[in-house]
Amino acid sequence: MRESMEFDVVIVGAGPAGLSAACRLMQQAQEKTMELTVCVVEKGSEIGAHILSGAVIESRAMDELFPDWKAMGAPLNTPVFSDELYLLKSETIAQKLPNALIPKTMHNTGHGLDNYVVSLGNVCRWLAEQAEGLGVEIFPGFAAAEILFHENGPFKGSVKGIATGDMGVTASGEQGPNYMEGMELHAKYTLFAEGCRGHLGKQLIEQFNLDIEADAQHYGLGIKELWEIDPKKHRPGLVVHGSGWPLEGDTTGGFFLYHLENNQVAAGLIVDLNYTNPWLSPFDEFQRLKHHPVLANHLDGGKRVAYGARAIAKGGFNSLPKMVFPGGLLIGCNAGTLNFSKIKGTHTAMKSGMLAGEAVFEAIAEGNEGGSELNSFSNKFKASWAYDELFRSRNFGPSMHKFGPILGGVFNFVDQNLFGGKLPITLHDNKQDYAQLKPADQCTKIKYPKPDGKLSFDKLSSVFISNTNHEEGQPCHLKLKDSSLPIVRNLPIFAEPAQRYCPAGVYEVNERESGAFFQINSQNCLHCKACDIKDPSQNIIWTAPEGAGGPNYPNF
Amino acid sequence: MKIIVSVKRVIDYNVKVRVKTDNSDVDLTNVKMSLNPFCEIAVEEAIRLKEVGVASEIVVVSIGPNAVQEQLRTAMALGADRAIHIETEMQPEPLNVAKLLTKIVESEEPGLVILGKQSIDSDNNQVGQMLAALTGWPQGTFASEVKIEDGKALVTREVDGGLRSLSLTLPAVVTTDLRLNEPRYAKLPDIMKAKRKPMEVKTPADLSVHLKKHISQLKVETPPQRQVGIKVDSVDALIDKLKNEAKIILRKLG
Numbered sequence: 001m002r003e004s005m006e007f008d009v010v011i012v013g014a015g016p017a018g019l020s021a022a023c024r025l026m027q028q029a030q031e032k033t034m035e036l037t038v039c040v041v042e043k044g045s046e047i048g049a050h051i052l053s054g055a056v057i058e059s060r061a062m063d064e065l066f067p068d069w070k071a072m073g074a075p076l077n078t079p080v081f082s083d084e085l086y087l088l089k090s091e092t093i094a095q096k097l098p099n100a101l102i103p104k105t106m107h108n109t110g111h112g113l114d115n116y117v118v119s120l121g122n123v124c125r126w127l128a129e130q131a132e133g134l135g136v137e138i139f140p141g142f143a144a145a146e147i148l149f150h151e152n153g154p155f156k157g158s159v160k161g162i163a164t165g166d167m168g169v170t171a172s173g174e175q176g177p178n179y180m181e182g183m184e185l186h187a188k189y190t191l192f193a194e195g196c197r198g199h200l201g202k203q204l205i206e207q208f209n210l211d212i213e214a215d216a217q218h219y220g221l222g223i224k225e226l227w228e229i230d231p232k233k234h235r236p237g238l239v240v241h242g243s244g245w246p247l248e249g250d251t252t253g254g255f256f257l258y259h260l261e262n263n264q265v266a267a268g269l270i271v272d273l274n275y276t277n278p279w280l281s282p283f284d285e286f287q288r289l290k291h292h293p294v295l296a297n298h299l300d301g302g303k304r305v306a307y308g309a310r311a312i313a314k315g316g317f318n319s320l321p322k323m324v325f326p327g328g329l330l331i332g333c334n335a336g337t338l339n340f341s342k343i344k345g346t347h348t349a350m351k352s353g354m355l356a357g358e359a360v361f362e363a364i365a366e367g368n369e370g371g372s373e374l375n376s377f378s379n380k381f382k383a384s385w386a387y388d389e390l391f392r393s394r395n396f397g398p399s400m401h402k403f404g405p406i407l408g409g410v411f412n413f414v415d416q417n418l419f420g421g422k423l424p425i426t427l428h429d430n431k432q433d434y435a436q437l438k439p440a441d442q443c444t445k446i447k448y449p450k451p452d453g454k455l456s457f458d459k460l461s462s463v464f465i466s467n468t469n470h471e472e473g474q475p476c477h478l479k480l481k482d483s484s485l486p487i488v489r490n491l492p493i494f495a496e497p498a499q500r501y502c503p504a505g506v507y508e509v510n511e512r513e514s515g516a517f518f519q520i521n522s523q524n525c526l527h528c529k530a531c532d533i534k535d536p537s538q539n540i541i542w543t544a545p546e547g548a549g550g551p552n553y554p555n556f
Numbered sequence: 001m002k003i004i005v006s007v008k009r010v011i012d013y014n015v016k017v018r019v020k021t022d023n024s025d026v027d028l029t030n031v032k033m034s035l036n037p038f039c040e041i042a043v044e045e046a047i048r049l050k051e052v053g054v055a056s057e058i059v060v061v062s063i064g065p066n067a068v069q070e071q072l073r074t075a076m077a078l079g080a081d082r083a084i085h086i087e088t089e090m091q092p093e094p095l096n097v098a099k100l101l102t103k104i105v106e107s108e109e110p111g112l113v114i115l116g117k118q119s120i121d122s123d124n125n126q127v128g129q130m131l132a133a134l135t136g137w138p139q140g141t142f143a144s145e146v147k148i149e150d151g152k153a154l155v156t157r158e159v160d161g162g163l164r165s166l167s168l169t170l171p172a173v174v175t176t177d178l179r180l181n182e183p184r185y186a187k188l189p190d191i192m193k194a195k196r197k198p199m200e201v202k203t204p205a206d207l208s209v210h211l212k213k214h215i216s217q218l219k220v221e222t223p224p225q226r227q228v229g230i231k232v233d234s235v236d237a238l239i240d241k242l243k244n245e246a247k248i249i250l251r252k253l254g
């Protein structure tokens with residue numbers, strides 16, 4: 001029997017959604033002088049270690065959660081002062097789009113809402129300090145490995161909590177010398193805030209059929225680097241976005257480049273994971289993109305400091321699953337609350353967490369013992385500004401997918417600027433991203449230029465500066481449902497795209513005398529979840545490795 | 001018997017170290033910090049001695065700014081009983097650390113002090129030895145095995161090309177090598193309990209130690225970048241490169 005601990009609320013994931021929920025729960029408990037126990041588990045070695053975001057954030061949710069955040073020292077130090085948007089037409093030519101032609105949701109200045117260029121990792125570190133100050137127990141380095149259900153009694157079938165993973169297990173699955181069994185954390189309510197494509201969230205969606213009325217979820221893969229640039233070029237608060245080259249044909253996506261504090265610049269590329277050409281490598285697209293003058297002008301002469309990657313859930317309103325189920329809630333990007341038309345998700349993730357905190361607190365304060373489906377949350381969410389803005393932006397992604405980046409852009413301009421997102425049409429895009437790949441022999445092979453070691457780099461030297469580590473000798477956390485499929489199906493049809501979509505070089509097809517074999521270098525894994533999403537055979541299952549494993553991002 | 005373990009907060013071993021642009025030091029902004037791995041081994045050894053009934057109390061000590069309390073809590077989550085934080089913003093130089101620890105040893109009167117042999121950031125490997133000198137206690141450094149029997153510490157030391165076994169009369173100072181043990185993981189309930197274990201905060205002035213700066217760091221540099229390799233098309237070209245560029249062949253071959 002595993003040991004267990006009892007809490008009122010257990011939260012999985014110390015990101016903006018989970019920490020906002022934790023803070024909101026405790027704030028209310030203090031107001032009502034009620035005793036409440038809240039525990040947050042986080043698989044990263046410390047808070048912020050696995051957080052990766054651009055990030056420009058809208059302060060709306062923060063204003064509500066901590067009206068005094070400025071005086072309290074929240075690291076929102078760099079207000080956006082200027083927005084630039086480019087359409088890259090070739091590797092050297094770009095067209096700067098005039099502000100009037102840009103969908104309103106994409107403006108970061110001049111609409112009364114405050115936007116800041118931040119490191120979301122640092123924002124989370126700050127939120128965690130506030131949560132701990134309010135009495136929340138936060139445990140970094142502990143991965144929630146499985147969902148626990150009540151097996152009998154009045155709450156039968158509802159979520160009972162989670163179990164943390166065993167530590168010190170050897171590669172063959174035996175107990176090593178420092179073996180430590182996982183622990184059961186039981187709660188009246190469990191909030192899942194794992195971020196995009198959380199491995200437990202995915203199971204919950206399946207088990208409780210949460211997405212039965214939703215469109216297919218859509219994803220992008222974001223690749224990000226942090227640079228220290230020439231102080232003469234540094235303009236804190238400058239925000240640059242763009243799309244076009246080097247993504248071609250039906251591949252969509254866009255890049256970002258934000259000037260932070262201390263001569264640092266965050267640059268990245270988001271490639272939509274519904275791309276069709278199996279030869280595409282999001283990593284290499286980003287590497288060549290940096291040579292475009294629009295980006296190179298900022299980065300030239302600078303030094304790359306950190307690298308990372310993370311999938312984002314960008315399906316928005318139409319893809320949003322039901323967020324409540326017996327005994328728990330799915331919040332933030334784990335459900336998919338990101339507003340892609342704003343290219344922002346922190347404010348909506350935080351809001352969903354705060355509302356979850358309110359709904360759960362009210363239920364517990366009224367004597368609810370757990371196990372219910374908290375419809376009060378759904379009502380609160382529907383009445384919130386977060387829901388309203390997701391609704392208004394519901395056509396943004398589908399129109400791009402349906403009409404392409406140019407005509408889709410026109411649609412979005414009309415929808416967002418002339419009708420405020422209230423055009424009485426809802427576009428649907430129901431094809432799963434993994435099902436979009438075409439056979440390799442029907443697609444053009446892409447030849448990527450060699451990295452120059454100044455602006456562009458290879459995968460391994462990139463993964464090196466993500467500070468990624470997994471304790472040696474543990475079982476591989478990337479599971480194959482059928483270990484033969486990569487070679488038997490994916491290789492002949494799609495030239496095994498995992499070799500290219502994985503931004504960390506985890507997957508390789510190597511030759512040995514007996515033929516090709518599929519190698520998984522799981523120690524490189526950045527926990528981005530692209531494999532779980534894009535594998536055309538849906539054969540790769542991402543599970544949580546030993547706690548504290550994975551990247552150690554600095555201020556990402 | 002009481003055991004004192006000193007621990008240091010250092011840059012995490014997974015983090016790729018970066019040097020500040022002005023070359024004054026290693027850049028520690030937003031970088032993950034951890035318990036020095038050798039100190040973790042020292043804590044583990046103390047816990048094991050307590051588990052077999054040799055030790056009765058484990059006191060962990062750390063020196064530095066407020067942030068070091070995080071590492072003291074980690075040590076207490078692993079099994080230390082209480083902590084002493086000596087608060088200073090000054091870079092902890094080995095001699096200053098040894099002097100402060102000597103004062104703690106004088107007031108706590110432990111039977112054994114266990115330290116990591118060195119910290120992975122400054123790699124000095126001096127504090128244990130200095131502490132032994134200042135206290136006049138015997139020392140067993142680079143320990144790969146420690147046994148306590150009849151008032152003696154039997155220490156196996158890893159030395160060049162072999163092992164050396166010592167018998168030290170207690171009280172004594174032991175520093176740990178990598179192979180001494182494999183530290184355990186902290187358990188969730190123990191992490192919670194550690195938050196309530198006693199943490200005493202002292203200043204160097206409280207201990208009547210005047211911290212003198214003996215060392216100033218002139219410059220920190222990254223190793224030179226390795227040049228990318230090239231392929232040559234003939235043996236002659238290779239010999240030419242080795243002779244004229246790499247200059248590792250000085251005379252004509254053959």
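Top line first, the protein sequences correspond to chains A and B. Residue 442 in my numbering sits at position 442 of the first sequence, with consecutive numbering throughout. Residue 43 in my numbering sits at position 43 of the second sequence, with consecutive numbering throughout. Where a beta carbon is used, it is the ideal one built from N, C-alpha and C, also for glycine. Bear in mind that the values here come from a model prediction, so they are computed numbers and not experimental data.
Residue i: contacting residues in chain A (beta-carbon distance under 7 angstroms)
| i | result |
| --- | --- |
| M31 of chain B | Met is not the amino acid found at residue 31 of chain B; the sequence shown has Val there. Within 7 angstroms Cβ-Cβ: P554. |
| K187 of chain B | M180 |
| E182 of chain B | P177 and N178 |
Chain-ordered neighbours of residue i on chain B, where CB pairs are closer than 9 angstroms
| i | result |
| --- | --- |
| F464 of chain A | K16 |
| S172 of chain A | Residues of chain B passing the Cβ test: none, with the nearest at roughly 18 angstroms. |
Whole-number beta carbon distance between residue j and residue i, since they are thought to touch under 8 angstroms
| i | j | result |
| --- | --- | --- |
| I63 of chain B | I41 of chain B | The Cβ separation is near 19 angstroms, so there is no contact. |
| Y86 of chain A | G242 of chain A | 4 angstroms |
| S20 of chain A | G353 of chain A | 4 angstroms |
Minimum Cβ-Cβ distance from residue i to chain A less than 8 angstroms
| i | result |
| --- | --- |
| E221 of chain B | no |
| M199 of chain B | no |
| T21 of chain B | yes |
| D12 of chain B | yes |
| I191 of chain B | yes |
Chain-ordered neighbours of residue i on chain B, where CB pairs are closer than 8 angstroms
| i | result |
| --- | --- |
| P282 of chain A | Ordered by position in chain B, no residue passes the 8 angstroms Cβ test against P282 of chain A, which lies about 23 angstroms from the chain. |
| N122 of chain A | N30 |
Under 8 angstroms between C-beta atoms of residue i and residue j
| i | j | result |
| --- | --- | --- |
| Y553 of chain A | G308 of chain A | yes |
| V19 of chain B | E221 of chain B | yes |
| P475 of chain A | A171 of chain A | yes |
| N277 of chain A | T444 of chain A | yes |
| E511 of chain A | Q499 of chain A | no |
| V60 of chain B | L72 of chain B | yes |
| I520 of chain A | L478 of chain A | yes |
Spatially closest choice to residue i from the options, by CA coordinates
| i | options | result |
| --- | --- | --- |
| G244 of chain A | A:T337, A:L88, A:F464 and A:F317 | A:L88 |
| F494 of chain A | A:G198, A:D535, A:C531 and A:V506 | A:D535 |
| N395 of chain A | A:D429, A:N368, A:A363 and A:A365 | A:D429 |
| S372 of chain A | A:Q519, A:H292 and A:Y189 | A:Y189 |
| L480 of chain A | A:T543, A:S514, A:G135 and A:D300 | A:T543 |
| Q118 of chain B | B:K241, B:V228 and B:C39 | B:C39 |
| G173 of chain A | A:A516, A:G473 and A:S483 | A:G473 |
| I11 of chain B | B:V5, B:T29, B:D22 and B:I4 | B:T29 |
Min CB distance residue i to chain B below 8 angstroms
| i | result |
| --- | --- |
| N524 of chain A | no |
| S45 of chain A | yes |
| V305 of chain A | yes |
| E213 of chain A | no |
| F457 of chain A | no |
| E6 of chain A | no |
| F81 of chain A | no |
| M1 of chain A | no |
| F325 of chain A | no |
| G168 of chain A | yes |
Within chain B, the residues that residue i reaches when beta carbons sit closer than 7 angstroms
| i | result |
| --- | --- |
| E621 of chain A | Chain A is shown from 1 up to 556; residue 621 of chain A falls before or after that span and cannot be answered. |
| A49 of chain A | K32 |
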